[in-house]
Amino acid sequence: MLKINIPEAFILYTPNTPFPQVELALEEPNGLIAIGGDLSPNRLISAYQQGIFPWYSENDPVLWYCPNPRMVITPETLHISKSLRKTLRTNQFTLKTNSNFERVIHHCKSIKRKGQDSTWIDKAMVQAYTELHAQGVVQSVEVYQNTELVGGLYGVRMGKVFFGESMFSLVSNASKIAFVHLVQNMGYELVDCQVQNPHLQSLGAFNLPRDAFIQRLDELLLK
């Protein structure tokens, strides 16, 4: 087990304790920048505005990250394979936005994922992001086959940036279809994918140095 020496400045003792500057984030584990605090709307909004997101295991303290590099995607880099284009042309799926956020986050929490024994989405996260959804800060994209919800994703929306949090598929390609719709049709100039992921890399996601990501984030939050 990796032993980590947590700098004193990383500990969020109170709701008003600010995050450290992201340049101070640890190299190992990549991007760890703070520990503790809560998942209140104010804390979460402040975190995302600074390029920070929570990521921890159930029953652990809240851990906050700003990794380097950062995996992102833009409408210009989106890659749709021939097989996926063929699936999109069949019109067998219907796409909706914010039509059933609670079921989307439930599926993201409960679905079995290859190589993972448990989920990072605990009850506190579900409550926190549901509250932000009610405030219009969190958005979901749903994919329906006939009338059945078969895929989707959710994340945080700020300015022209979408911070992707999680996605799920109950049938082949459903999460890809939601993701393509998000990148291609919803007006975002940058979608944050957080850390390297081969699945998203195949769709055109790429690594961006943290300082370049923060600079671009600051620009797009104002739009």
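Read left to right, the sequence shown gives residues 1416 to 1638 (my numbering).
Each residue gets a CB set at the ideal place from its N, CA and C atoms; glycine is no exception.
Around the C-beta of Ser1525, are 16 or more other C-beta atoms found within 10 angstroms, so that it is buried, or is it exposed? Classification for Ser1525: exposed.
Is it buried or exposed, Thr1509, if we count other Cβ atoms within 10 angstroms and call 16 or more buried? Residue environment analysis places Thr1509 among the exposed positions, since fewer than 16 neighbouring C-beta atoms fall within 10 angstroms of its C-beta.
For Ala1424, which residues from the same chain have a beta carbon less than 6 angstroms from its beta carbon, with the 5 sequence-adjacent residues on both sides left out? Excluding residues up to 5 positions away in sequence, Pro1435 lie with their Cβ nearer than 6 angstroms to the Cβ of Ala1424 in the same chain.
DSSP three-state assignment for Tyr1428, whether helix, strand or coil: Looking at Tyr1428 - three-state DSSP - the assignment turns out to be coil, as it is neither helix nor strand.
Got a sec? Which residues, its chain only, sit under 7 angstroms from Leu1441 by beta carbon, not counting five neighbours each side? If you ignore the 5 residues before and after Leu1441, its C-beta comes within less than 7 angstroms of the C-beta of Leu1447, all in its own chain and listed in chain order.
The region 1485-1497 contacting the region 1623-1633, beta-carbon criterion three pairs below 8 angstroms: With the cut-off at 8 angstroms, the region 1485-1497 and the region 1623-1633 touch.
Going by DSSP in three states, Ile1620 sits in which element: helix, strand or coil? Before going further, note that residue 1620 is Ala rather than Ile in the sequence given. Reduced to three states, the DSSP call for Ala1620 is coil.
Per DSSP, what are the beta-bridge partners of Pro1469 in this structure? Pro1469 is bridged to Trp1479.
Could you round the C-beta distance between Val1565 and Val1552 to whole angstroms and report it? I think they count as a contact, below 8 angstroms. Between Val1552 and Val1565 the Cβ distance is about 26 angstroms, and since that is not below 8 angstroms, they are no contact.
If we count the other Cβ atoms within 10 Å of its Cβ and call it buried at 16 or more, is His1522 buried or exposed? Under this definition His1522 is a buried residue.
Just to confirm my understanding: we take Val1558, look at its own chain, exclude 5 residues before and 5 after, and list those with CB closer than 7 angstroms. What are they? Excluding residues up to 5 positions away in sequence, Phe1508, Leu1510, Val1565, Gly1566, Gly1567, Ala1589, Ile1592, Ala1593 lie with their Cβ nearer than 7 angstroms to the Cβ of Val1558 in the same chain.
Can you give me the Cβ contacts of Ile1495 inside the same chain, cut-off strictly under 7 angstroms, excluding the 5 residues immediately before and after it? Cβ neighbours of Ile1495 beyond the five flanking positions: Val1595.
Where Met1416 and Leu1635 are concerned, what is the direct C-alpha to C-alpha distance, given to the nearest angstrom? Residue confidence is low: Met1416 scores 43 on pLDDT, short of 50, so the model does not pin down where it sits. Its coordinate-derived value is still stated next. The alpha-carbon atoms of Met1416 and Leu1635 are separated by roughly 39 angstroms.
Buried or exposed for His1548, please, with buried defined as at least 16 other CB atoms from any protein chain shown within 10 angstroms of its CB. Classification of His1548: buried, given that the 10 Å Cβ count is 16 or more.
Ala1543, enclosing alpha helix (DSSP H) - first and last residue: Its alpha helix (DSSP H) spans residues 1538-1549.
Val1541: which of Gln1611, Thr1562, Pro1469, Asn1483 sits nearest, CA to CA? The shortest C-alpha separation from Val1541 is found at Pro1469.
Helix, strand or coil: how does DSSP classify Asp1633 here? In the structure shown, Asp1633 sits in a helix (DSSP, three-state: H, G or I).
Select from Gln1464, Pro1422, Val1437, Glu1438 the residue whose C-alpha is nearest the C-alpha of Phe1578. The shortest Cα separation from Phe1578 among Gln1464, Pro1422, Val1437, Glu1438 belongs to Gln1464.
Looking only at C-alpha atoms, which of Asp1633, Leu1637, Asn1474, Leu1618 sits nearest to Ile1536? Per the Cα distances, Asn1474.
Contained alpha helix (DSSP H) runs [length at least 4] in the region 1549-1631, N- to C-terminal order: The qualifying runs are 1589-1600, 1613-1616.
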